[in-house]
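Just so you know, the sequence shown maps onto residues 14 to 154 in the working numbering.
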Amino acid sequence: MANGFPPPKWRNDAYGSMIRSCVGTTSKKIVEMVRAAGAREVHMRISSPPTTHSCFYGIDTPERAKLLAARNSEAEMAALIGVDSLAFISIDGLYRALGHSGRDAEAPAYCDACFSGDYPIPLTDHAEPRDPQFSLLAELA
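Put into C-alpha cells, the structure is as follows:
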C-alpha cells in the first residue's frame with residue numbers, strides 16, 4: 014500500500030484498515046480516499062476501545078457531547094464515516110494485549126477513564142454544582 018491507497022490490483026476488492034483511534038472527520042477522509050482509489054468495500058478496525066468520555070488528566074479530548082462514540086453506536090459510526098464495517102478492540106482485549114487477564118473493575122491497572130468512564134478520582138466540577146468563580150473548568154470553557 015503506497016501513500017495510504019490500495020495498489021491498483023486491489024481495485025474493486027475489499028479493503029481493510031487498522032488504525033489507532035476513530036476520529037470522525039479524519040476517518041471519513043481516509044475512507045473517501047480509499048473508495049476513490051477503487052476499493053469496493055472498506056472495513057475499519059480500531060486498536061483501542063471507543064473513546065466515550067473526556068480525559069481530564071492531560072490528553073486533549075473534546076467534551077463528551079462531541080465524542081463520536083459517546084453519541085453513536087458502532088453501526089451509526091460506521092454509517093457516519095462511510096465504512097462497510099467498523100469494530101473496536103474491547104477494553105478487556107486491550108488489557109489482555111498488555112499481559113493482563115482482563116480489566117479489573119475494582120482496581121484497573123491503568124487509567125482507562127476515557128474508555129470506561131471510571132475516573133481515578135471524583136470529578137468534583139462535574140459531580141456537584143459550584144460557584145463558577147472557583148471552577149477551573151468554567152474558566153477554560
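From the three backbone atoms N, C-alpha and C, an ideal C-beta is built for every residue, glycine too.
Identify which residue in 54, 41, 67 and 137 has its Cα closest to the Cα of residue 129. Within the sequence shown, numbered from 1, the residue matching residue 129 stands at position 116. Nearest of 54, 41, 67 and 137 to residue 129, Cα basis: 67.
For residue 40 versus residue 102, is the C-beta distance shorter than 8 Å? By 1-based counting over the sequence shown, the position of residue 40 is 27. By 1-based counting over the sequence shown, the position of residue 102 is 89. It is not a contact, given that the beta carbons lie outside the stated cut-off.
Taking Cβ positions, are residue 104 and residue 125 nearer each other than 8 Å? In the sequence shown, residue 104 corresponds to position 91, counting from 1. In the sequence shown, residue 125 corresponds to position 112, counting from 1. Yes.
Per DSSP, what are the beta-bridge partners of residue 113 in this structure? Looking up residue 113 in the sequence shown gives position 100. Bridge partners of residue 113: none, in fact.
To the nearest angstrom, how far is it from the Cα of residue 121 to the Cα of residue 47? Here residue 121 refers to the residue found at position 108 when the sequence shown is read from its first residue. Here residue 47 refers to the residue found at position 34 when the sequence shown is read from its first residue. Near 38 Å, if we compare the C-alpha coordinates of residue 47 and residue 121.
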